[in-house]
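Counting from 1034, one number per residue, gives the positions in the sequence shown under our numbering. Heads up, the thing below is written out as structure tokens.
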Amino acid sequence: MKTTVLLLAAGLVFGGGVALAEQTSTRAMAEELLALMNMPQTIEQSLVAMRQMMPAQIEQMNKVMGEDKASAGVPEQTDKVMDILAEELTWDKVKDDYVGLYASTFTAEELGGLITFYKSPAGQAFVAKQPELMKHSMEIGQKLMVRLMPRLQTLHQEGKAEGVPQPADKKKSKK
1034 MKTTVLLLAA GLVFGGGVAL AEQTSTRAMA EELLALMNMP QTIEQSLVAM
1084 RQMMPAQIEQ MNKVMGEDKA SAGVPEQTDK VMDILAEELT WDKVKDDYVG
1134 LYASTFTAEE LGGLITFYKS PAGQAFVAKQ PELMKHSMEI GQKLMVRLMP
1184 RLQTLHQEGK AEGVPQPADK KKSKK
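Given below as structure tokens:
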């Protein structure tokens, strides 16, 4: 009986240590993968791209929402929003979240495969071309919004005609 209890206790103590070591190893692998993926630079580049595209997106949304007056304050508002995002989305502030996300999403074996890929010439080419892919993906999204704009405007107008409260109406009622 004593032997069974001792074996059980030893299993719990050492088993927990193994699990902790595996978690630590997986987190280290996730951190290595994110470094190979140039995640800090990717986040920075995303913010730059957002800063460039946001004014046009706000203008488009204002058209959909029926805001007729010119959006003179859009550049200033965009700068304020982007300053907040740039302050909060630094790699130092989000690194632990990203490492945890990758460590909990992928097994150690999968992380190992991804690390091998990102260390390969093909993986490095992917990393090098990722900013260009992201830029063109955002352009595709903008083109899609331009194409959808007439339908969204129609939907907005139909909602107004049916008495559905509109975002612009909410602003007016708060004053």
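A virtual CB, placed ideally from N, CA and C, is assigned to each residue, including glycine. Source: prediction; values computed, not measured.
Leaving out the 5 sequence neighbours to the left and right, which residues in its chain are closer than 6 Å to Met1087 when beta-carbon positions are compared? Thr1111
Does the region 1055 to 1073 touch the region 1122 to 1139, meaning 3 or more C-beta pairs lie closer than 8 Å? yes
Close beta carbons around Met1171, own chain, < 7 Å, minus the five adjacent residues each side: Around Met1171, the same chain offers Ala1082, Met1086 as residues with beta carbons nearer than 7 Å, after the five sequence neighbours per side are excluded.
Leu1122, DSSP secondary structure in three states: Looking at Leu1122 - three-state DSSP - the assignment turns out to be coil, as it is neither helix nor strand.
Decide if Thr1059 is buried, meaning its Cβ has at least 16 other Cβ atoms within 10 Å, or exposed. Per the 10 Å Cβ criterion, buried.
Neighbourhood of Val1160 by C-beta, 8 Å cutoff - its chain only, sequence neighbours within 5 removed: Leu1069, Met1070, Asn1071, Tyr1151
Runs of alpha helix (DSSP H) wholly within the region 1115 to 1187 (minimum 4 residues, chain order): 1124 to 1138, 1141 to 1152
With distances taken from CA atoms, which of Gln1093, Pro1073, Ile1076, Gln1078 is nearest Leu1181? Gln1093
How about Trp1124 and Ile1173: are their beta carbons less than 8 Å apart? Their beta carbons are not under 8 Å apart, which means Trp1124 does not touch Ile1173 by this criterion.
Where does Val1197 sit, in a helix, a strand or coil, going by DSSP? coil
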